[in-house]
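**Student:**
Right under this line is the structure:
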């Protein structure tokens, strides 16, 4: 049997349970300390690293009695993050192994706070770990590492969903999930569910087979200049129309982007506005928080109107080269926007939603706005 000392996120017992695949009652865990080492937060993410530091003490837990199967599971999980096992002697006199980060991999910062991490990242990390461990025996640790950014985005979406305040007045019925099969995974994923659900007469349905497209949450913002009474649209090639066989493969739409883990949708809207269009938003107006297509997808939209200064020179080509984005921005008067929407020429549902919201609230947004001058355009 093998003993390991954990100094970081695996001190969080719910996470350790997921990685080992058994409850905490079946895990031999005791507090311990590794002398002459410090646990530090890193610049690259919400996790710590351990570094030699004379006179310091790295608090953690000693887990004893680990089987070869346990080590395989731990190596798979930690292998996604480029750690190596090394032998150490703890303050208690016990010998154990520790996952040390590969040299130069992370940039150490200040002392790491487990309780703060649990509050900020514990639930998300557990959701992500469940998906990671489901891939044991199917993918290599290196393959999982490449998919991990989107795994974390899906986990963040599940954390947000657990805090939803929507659905008042609807049936809070029972859903029994018999089986879930992961049919596909890469940047996105596809699950096949076998489930039954409560019916409105109180009975349970037969077992149904349903497929669900797994994406993440996204923030979408339509920039609006209340002084000039114009909006900014972005244009780019979209895969939905390509796969559907649409003739219009380039679409007008609001600025949009995935909500990064640890980021609020509002922060995403501001960030994406700079990345895609090079504009700084002055403030945001909430438009809607909605599923893109609740019958078949987890994708969830946070839609905003972003108040901004939109002079004639604001347009151009934007997007991140690292994400292979090629995005063109356009300025359009409010009247032209509504003519396009009324003529059914806007095939992007968040754009239509934002346009109708703007039509309803436009007078309020324009109230008190300064008069545009020719030199300001």
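In the numbering used here, the protein residues as written are 59 to 435.
The beta-carbon is built from N, C-alpha and C at its ideal position, and this holds for glycine as well.
#1: Check residue 230 in the structure and name its three-state DSSP category.
#2: Nearest to residue 215 by CA position, among 325, 398, 276, is which residue?
#3: With C-beta atoms as the reference, is residue 85 less than 8 Å away from residue 74?
#4: Classify residue 196 as buried or exposed, calling it buried when 16 or more other Cβ atoms lie within 10 Å of its own Cβ.
#5: With DSSP as the reference, identify every bridge partner of residue 118, one or two as the case may be.
#6: May I have the straight-line CA-CA distance separating residue 184 from residue 76, to the nearest angstrom?
#7: Roughly how many angstroms lie between the CA atoms of residue 433 and residue 367, to the nearest whole one?
#8: Between the alpha carbons of residue 378 and residue 332, how many angstroms are there, rounded?
#9: Residues bridged to residue 369 by DSSP?
#10: Check whether the segment 250 to 257 and the segment 266 to 275 touch, using three or more Cβ-Cβ pairs below 8 Å as the test.
#11: Could you tell me the distance, in whole angstroms, from the CA atom of residue 443 to the CA atom of residue 134?
#12: Decide if residue 300 is buried, meaning its Cβ has at least 16 other Cβ atoms within 10 Å, or exposed.
#13: Just curious, the beta strand (DSSP E) that residue 295 is in, first and last residue?
#14: Ends of the alpha helix (DSSP H) at residue 419?
#15: State whether the segment 283 to 302 contacts the segment 380 to 388, with contact taken as three or more CB pairs (one from each stretch) at a distance under 8 Å.
#16: Check this for me: beta carbons of residue 412 and residue 396, under 8 Å apart or not?
#17: With burial defined as no fewer than 16 other Cβ atoms inside 10 Å of the residue's Cβ, what is the status of residue 141: buried or exposed?
#18: Quick one, are the C-beta atoms of residue 106 and residue 97 less than 8 Å apart?
#19: Rounding to the nearest angstrom, what Cα-Cα distance links residue 228 and residue 373 in this structure?
#20: Measuring from the CB of residue 266, is there a heavy atom of the ligand GDP at a distance below 7 Å?
#21: Can you tell me which residues form a DSSP beta bridge with residue 281?
**Tutor:** Judging by the given coordinates:
#1: Look at residue 230 here: in three-state DSSP terms it is coil, with no helix or strand label.
#2: 276
#3: yes
#4: exposed
#5: 90
#6: 7 Å
#7: The predicted model places residue 433 with a pLDDT of 48, which falls under 50 and marks its position as unreliable; any figure quoted below should be read in that light. Rounded to whole angstroms, residue 433 to residue 367 spans 13 Å at the Cα level.
#8: Within the model, the alpha-carbon separation for residue 378 versus residue 332 is close to 10 Å.
#9: Paired residues: none, contrary to the question.
#10: Yes, the segment 250 to 257 touches the segment 266 to 275.
#11: An answer regarding residue 443 cannot be provided, because it is not within the stretch 59 to 435 covered by the chain.
#12: exposed
#13: The continuous beta strand (DSSP E) containing residue 295 extends over residues 288 to 295.
#14: 407 to 424
#15: Because the criterion of three Cβ pairs below 8 Å is met, the segment 283 to 302 and the segment 380 to 388 touch.
#16: no
#17: Result: buried.
#18: yes
#19: Going from the Cα of residue 228 to the Cα of residue 373 covers about 44 Å.
#20: Inclusion of the ligand GDP in the displayed structure is not the case, the ligand content being empty and no account of it being possible.
#21: 364
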